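Residue numbers (this note's numbering): 293 to 444. Yeah, the Cβ is synthetic: ideal placement off N, Cα and C, and Gly gets one too. Only a predicted model underlies this, so the values are computations on that prediction, with no experimental measurement involved.
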Amino acid sequence: TRTLSSGINAEYGELTGTQGRVDIINSTLGKALGGACGGYTTGPKEVVELLRQRSRPYLFSNTMPPAVVGSAIKVFELLMSSSELPELVARNTKHFRNRMTEAGFTLSGTEHPIVPVMLYDAALATSFADELLQKGIYVIGFSFPVVPKGLA
């Protein structure tokens, strides 16, 4: 059995050669799918039933708000009808990475749309994020304990 998480990189299965061979998909309805909470698992009926009967998070969780369910359904409809939005995100990510690298910033990760800009100093990361917010650009400066010390 192979598992895969979803996200804005819908072509992940193509990149890894696992498209059509993944039995279980487990993901959140967070950033990549525009939701605010919740998640899902798809797969063979027997696996889903087992998770419903034995999964503690499932047994002790609350129902997702209808607005989140509705928006998630719409996002999946949009993604199934066209590759335009994921392609736009991929182009924008590539452009952002190229320009930030040209400007001398150190970036973490590869082609993922969430682009960590490494400043290596918690106070600087917080200050940088505050200044960007004043200019209308929303970013978060992560520091310890969210990331290891020295990797802000």
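Proximal residues to residue i (C-beta, below 7 Å), its chain only, five neighbours per side dropped
{"i": "valine 409", "result": "Met392, Phe397, Leu399"}
{"i": "aspartate 413", "result": "Ala444"}
{"i": "methionine 356", "result": "Cys329, Gly330"}
Near the ligand FAD: residue i beta-carbon under 7 Å from a heavy atom
{"i": "valine 314", "result": "No copy of the ligand FAD occurs in the structure displayed, which carries no ligand at all."}
Local conformation of residue i per DSSP, three classes
{"i": "isoleucine 316", "result": "strand"}
{"i": "glycine 401", "result": "coil"}
{"i": "glycine 362", "result": "helix"}
{"i": "threonine 333", "result": "strand"}
{"i": "methionine 410", "result": "strand"}
{"i": "serine 375", "result": "coil"}
Identity of the residue in the options nearest residue i by Cα
{"i": "alanine 382", "options": "Glu423, Leu342, Thr402", "result": "Thr402"}
{"i": "proline 440", "options": "Leu411, Gly362, Leu424, Glu394", "result": "Leu411"}
{"i": "phenylalanine 436", "options": "Lys427, Pro336, Ala417, Ala359", "result": "Ala417"}
{"i": "isoleucine 406", "options": "Asn384, Ser347, Gln426, Thr320", "result": "Asn384"}
Cβ of residue i within 8 Å of any chain B Cβ
{"i": "alanine 414", "result": "This model lacks chain B altogether; it includes just one protein chain."}
Environment of residue i [buried if 16+ CB atoms lie within 10 Å]
{"i": "leucine 325", "result": "buried"}
{"i": "arginine 389", "result": "buried"}
{"i": "threonine 310", "result": "exposed"}
{"i": "glycine 442", "result": "exposed"}
{"i": "leucine 380", "result": "exposed"}
Neighbourhood of residue i by C-beta, 6 Å cutoff - its chain only, sequence neighbours within 5 removed
{"i": "leucine 296", "result": "In this prediction, leucine 296 has a pLDDT of 47, which is less than 50 and means its spatial position is unreliable; what the coordinates show is noted afterwards. Excluding sequence neighbours, leucine 296 sits near Val314, Ile317."}
{"i": "glycine 335", "result": "Asp315, Ile316"}
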